[in-house]
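Numbering (the working numbering), first residue to last: -7 to 261. Structure, as structure tokens:
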């Protein structure tokens, strides 16, 4: 009875272990699917991160080119400012020269009307008028040159302002773009870190489940061996029992035969 109870207990333990192992293997298959999905998410996160890193690299190159251009423009601006200084100097010299000429002309009383009313020789008057015409023409040319110089100065100032404004806008736009990309990079690095952490947890869980599966497998194998060993013991015990029964029957038959022989011998006497 105790052997039968032990056999039933082992079978129950084996059935329970097999049930637990089946559930464990189901969970292993499920976590493996989750790992595959997480690995796919990791791949996508890596691709997105590489994409934004590539954009940041492109933006850095743009900033480098912009800095090179800025250096060139600054050199050009320095040239423009030098031209402005030279032009301003010319303007000042021209204005000073014109002012001196006008003051000298005014001080000498030289004008077309004073020449005509002077009562001088007509040839002398003609010569003075000719000189006045030349002076007036030269002064007019100086005024025109001064006006052109002023216009050129305005153009130079406008060019400087335009270049500086363009550079400032480009630098600001590029820097804003880089900051946006860097923010995206930080966000995608965070997503990647979360995915990697999730993957690590799932892999750890899968490893634990696999170890439990191995342990249950060994337990089931041990129970199977114990059940087989006890079955073999029962078989051998049954063989011994049957052999003992056969021996007893044979002994009983021999005893009965000897008794019958003695009775037969007694009757003969």
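We put the beta carbon where it would ideally sit given N, CA and C, even for glycine. Note that this is a predicted model, so its numbers are computed, not measured.
Closest Cα partner of residue 150 within the set 190, 69 and 41: 69
Straight-line Cα distance separating residue 226 from residue 244: 26 Å
Alpha-carbon spacing of residue 33 relative to residue 188, whole angstroms: 9 Å
Proximal residues to residue 202 (C-beta, below 7 Å), its chain only, five neighbours per side dropped: 20
Expected contact under 8 Å - CB spacing of residue 214 and residue 13 to nearest Å: Residue 214 to residue 13, Cβ: 13 Å. No contact.
Sequence-distant residues of its chain with Cβ nearer than 7 Å to residue 159 (five each side left out): 62 and 65
Cβ-Cβ distance between residue 184 and residue 41 below 7 Å: Yes. Within cutoff.
Residue 163 CB to nearest heavy atom of the ligand GDP below 6 Å: Because no ligand of any kind appears in the structure shown, any question about the ligand GDP cannot be addressed here.
7 Å CB neighbourhood of residue 47 in its chain, flanking five on each side removed: 173
Contact belief for residue 37 with residue 180 at Cβ below 8 Å, rounded distance in angstroms: 6 Å
Pairwise C-alpha distance: residue 23 and residue 54: 46 Å
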